[in-house]
Amino acid sequence: MTFQFHFYEFPDETKIILFISSFMALFNRKKIFPYLTKNVLILFELFSKSWKNFFSEFKNKWEIKRFISFMGKDIHPFFLARRTLAESFINNLSPKNRSKFINFYLSLPEKDREIIDIFVRNYVRYNRKWEFDIPLISNGLNNFIETYKLPKIPSYLSFFSFDKKERKKFQKIIIRMNKISNFC
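First residue of the sequence shown? That's 60 in our numbering, and the numbers climb one at a time after it.
Structure representation (structure tokens):
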């Protein structure tokens with residue numbers, strides 16, 4: 060049996076989560092998967108509309124076949140761990156927020172997506188009970204937390220795991236994201 064055969068058995072929402080979490084888990088994807096990285100929004104839309112057509116259309120494109128293989132279970136533990144963290148974050152979002160998050164994420168430039176990937180992995184790592192309180196932070200993080208109904212402590216810890224330059228970049232991204240979310 061091939062992975063594609065098992066893939067057909069998944070519910071559509073599971074397929075979408077698997078696609079996006081696998082993409083988020085890719086390490087050095089701009090270099091290793093340049094076509095996928097450049098065209099991910101278009102590929103995701105094709106995949107979402109008809110994953111059967113997606114498979115048949117790209118069956119001869121080595122890079123896409125390799126990405127599809129990463130969506131399977133028999134993958135390197137490093138990649139599997141990164142994908143599991145992304146899946147956990149995405150699964151914890153409500154369906155409405157999940158859709159908004161995925162669409163915004165895929166519309167970002169690659170450098171911004173990499174920052175979001177780091178935040179997501181750190182968020183899931185830090186999403187546990189902590190015995191201390193963190194003061195409120197402005198500059199968009201609180202709005203981001205409220206919009207996506209995320210617990211504050213793992214969000215703050217994930218935010219502070221960035222260095223100063225990355226924090227500023229992340230703040231700019233989520234401020235843009237908050238502005239777009241207010242119009243939806």
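Positions of the beta carbon are idealized from the N, C-alpha and C atoms, including for glycine.
Check                                                                                        : Outcome
Boundaries of the alpha helix (DSSP H) in which K97 is found, first to last residue          : P93 to K108
Rounded Cβ spacing between S153 and K208 (contact assumed at less than 8 Å)                  : 7 Å
4 or more residues per run - each alpha helix (DSSP H) lying fully within the region 168–239 : 169–185, 200–206 and 211–219
For D133, the three-state DSSP class (helix, strand or coil)                                 : coil
Burial state of F203 (16 or more Cβ within 10 Å)                                             : buried
7 Å CB neighbourhood of I174 in its chain, flanking five on each side removed                : E225, K228, F229 and I232
6 Å Cβ shell around F62 - same chain, five flanking residues per side excluded               : Confidence at F62 is low in this model, with a pLDDT of 48, below 50, so its placement is unreliable and no value can be given for it.
Three-state secondary structure (DSSP) of L85                                                : coil
Short Cβ contact (8 Å threshold) for T206 with N237                                          : yes
Supposed close pair K159, W110 - CB separation, criterion 8 Å                                : That belief does not hold up - the Cβ atoms of K159 and W110 are roughly 21 Å apart, past 8 Å.
Among F69, R157, A145 and K223, nearest to D176 - alpha-carbon criterion                     : A145
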